[in-house]
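Chains as they are written, first to last, in this note's numbering: chain A, 152 to 354; chain B, 152 to 354. One structure is given here, and the rest of the page talks about it.
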DNA sequence: GTCTATAACGGGATAGAC
DNA sequence: GTCTATCCCGTTATAGAC
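Here is the structure:
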């Protein structure tokens with residue numbers, strides 16, 4: 152077969168695996184299931200990727216890099232602090248609303264790989280605080296915001312953004328929300344989070 | 152054999168499985184590995200619990216109930232608001248410092264079970280906001296704190312507490328912290344979180 | 001009632017021959 | 001690109017020991 156057909160087979164494989172990995176969790180998806188749903192021969196998976204693990208890594212890099220770039224650009228931009236925080240929070244939540252399972256996917260990858268996680272280059276685009284931390288220090292030195300621990304502040308920010316998505320079923324159940332209402336709850340967090348972060352740095 | 156011996160075998164099984172589930176993740180532990188490490192016959196696992204899944208459920212209930220009670224008591228107590236928040240944050244983090252893998256364990260359980268998660272009764276002791284939400288409403292009505300969304304506030308509070316533990320390896324790597332320093336970073340969050348929460352409700 | 005030994009089934013992951 | 005062999009896994013069953 153020619154190259155374009157080969158690519159379309161490969162793409163079909165990735166697309167199918169991505170869907171299954173996100174919904175069921177990597178460890179609960181079988182390679183046969185992926186192959187069947189993608190309509191290809193099982194061995195083709197071993198032909199394109201060498202193992203299920205490498206298929207996962209390819210998908211992980213792809214998924215993260217797709218989303219992380221715009222976030223990194225916001226964090227590294229020269230926007231004024233409060234505007235930057237607002238833009239980061241709102242953009243991040245918009246991304247996650249579209250793909251609510253991303254958080255669980257990444258967290259399970261971190262837990263599974265532990266120290267090896269650093270080897271996944273995509274992570275560097277996701278958690279990269281150098282310029283943001285510098286900006287926070289500068290603002291604090293100038294007395295424009297309260298003196299805070301910059302790294303703690305960043306961790307707090309992403310905690311407020313990301314964690315609720317990983318317990319979405321729990322929140323929905325506890326507040327008796329259907330899918331639509333649960334989504335609304337998460338969207339409303341944009342304002343909640345922004346205000347909480349700002350209140351903690353303003354005099 | 153007598154009851155105590157039976158219990159000790161059962162306990163050994165639970166203890167071993169708990170350790171492995173926490174470190175490697177439920178889906179990456181084999182029943183044969185558990186049996187071997189516990190020094191018992193594989194058939195015994197099926198004798199005491201009927202399946203790996205039921206062994207998991209037993210351990211899940213045990214682990215959560217062990218820790219959740221004291222947290223629920225704080226949340227349902229009649230402490231003044233700021234003192235309650237302080238006590239909740241500090242106690243929760245103390246618990247997690249001792250068992251940093253608990254967060255990943257629970258999150259993966261939520262993700263795996265999705266809607267079925269509600270069936271795990273232990274969850275009700277972990278996320279139960281009725282009296283806390285009522286207290287927040289009361290304080291807001293009395294004009295003693297800013298008007299806020301109580302459910303959002305609770306979700307923010309647990310996000311700030313829990314999420315950093317689930318990305319501990321990432322935080323450690325990014326800030327070049329060894330185990331001791333990473334632990335210190337998490338301990339220091341007690342004060343950070345408390346201050347952020349209070350700043351967001353005080354006038 | 002508690003425990004061991006052993007085997008077998010269906011399915012999954014992967015390597016290598018073709 | 002495909003087929004096959006091999007090995008690991010969770011589960012079930014059987015037969016028997018203390």
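All residues carry an ideal CB built from backbone N, CA and C; glycine is no exception. These numbers come from a predicted model, not from an experiment.
Given that residue i touches chain B, what residues does it touch there, using C-beta distances under 7 Å?
| i | result |
| --- | --- |
| residue 306(A) | 315 and 322 |
| residue 347(A) | 307, 347 and 351 |
| residue 340(A) | 303 |
| residue 310(A) | 310, 311, 314 and 315 |
For a test of the three-state rule: what should DSSP assign to residue i, helix, strand or coil?
| i | result |
| --- | --- |
| residue 280(A) | coil |
| residue 152(A) | Unreliable placement is indicated for residue 152(A), whose pLDDT of 44 sits below 50; no coordinate value is reported for it. |
| residue 223(B) | helix |
| residue 216(B) | helix |
| residue 273(B) | coil |
| residue 246(A) | helix |
| residue 207(B) | helix |
What's the call for residue i, buried or exposed, on a 16-neighbour Cβ count within 10 Å?
| i | result |
| --- | --- |
| residue 240(A) | buried |
| residue 338(A) | exposed |
| residue 347(A) | buried |
| residue 218(B) | buried |
| residue 187(B) | exposed |
| residue 220(A) | exposed |
| residue 290(B) | buried |
| residue 275(B) | exposed |
| residue 205(A) | exposed |
| residue 319(B) | buried |
Taking residue i as the query, report the chain B residues whose CB atoms sit under 8 Å from its CB, ordered along the chain.
| i | result |
| --- | --- |
| residue 326(A) | 302 |
Would residue i and residue j qualify as a contact pair, given that the criterion is a beta-carbon distance under 8 Å?
| i | j | result |
| --- | --- | --- |
| residue 315(B) | residue 295(B) | no |
| residue 277(B) | residue 253(B) | no |
| residue 212(A) | residue 273(A) | yes |
| residue 227(A) | residue 282(A) | yes |
| residue 202(B) | residue 310(A) | no |
| residue 268(A) | residue 210(A) | no |
| residue 256(B) | residue 172(B) | yes |
| residue 222(B) | residue 243(B) | yes |
Could you tell me which chain B residues have their CB closer than 9 Å to the CB of residue i, listed as they occur along the chain?
| i | result |
| --- | --- |
| residue 161(A) | Ordered by position in chain B, no residue passes the 9 Å Cβ test against residue 161(A), which lies about 26 Å from the chain. |
Looking at the unbroken alpha helix (DSSP H) that takes in residue i, where does it start and where does it end?
| i | result |
| --- | --- |
| residue 315(B) | 301–317 |
| residue 264(A) | 253–264 |
| residue 341(A) | 330–352 |
| residue 179(B) | No alpha helix (DSSP H) holds residue 179(B); DSSP gives it neither H nor E. |
| residue 197(B) | 193–199 |
List, in order along the chain, the chain A residues whose C-beta lies closer than 7 Å to that of residue i?
| i | result |
| --- | --- |
| residue 239(B) | What residue 239(B) touches in chain A: nothing, since even the nearest Cβ is about 16 Å away. |
| residue 278(B) | 321 and 325 |
| residue 269(B) | 324 |
Regarding residue i and the ligand FMN, is the C-beta to nearest heavy atom distance less than 7 Å?
| i | result |
| --- | --- |
| residue 233(A) | The ligand FMN is not part of this structure, which contains no ligands at all. |
Just to make sure I have the definition right: I need the residues of chain A whose C-beta is within less than 9 Å of the C-beta of residue i. Which are they?
| i | result |
| --- | --- |
| residue 176(B) | 178, 259, 262 and 263 |
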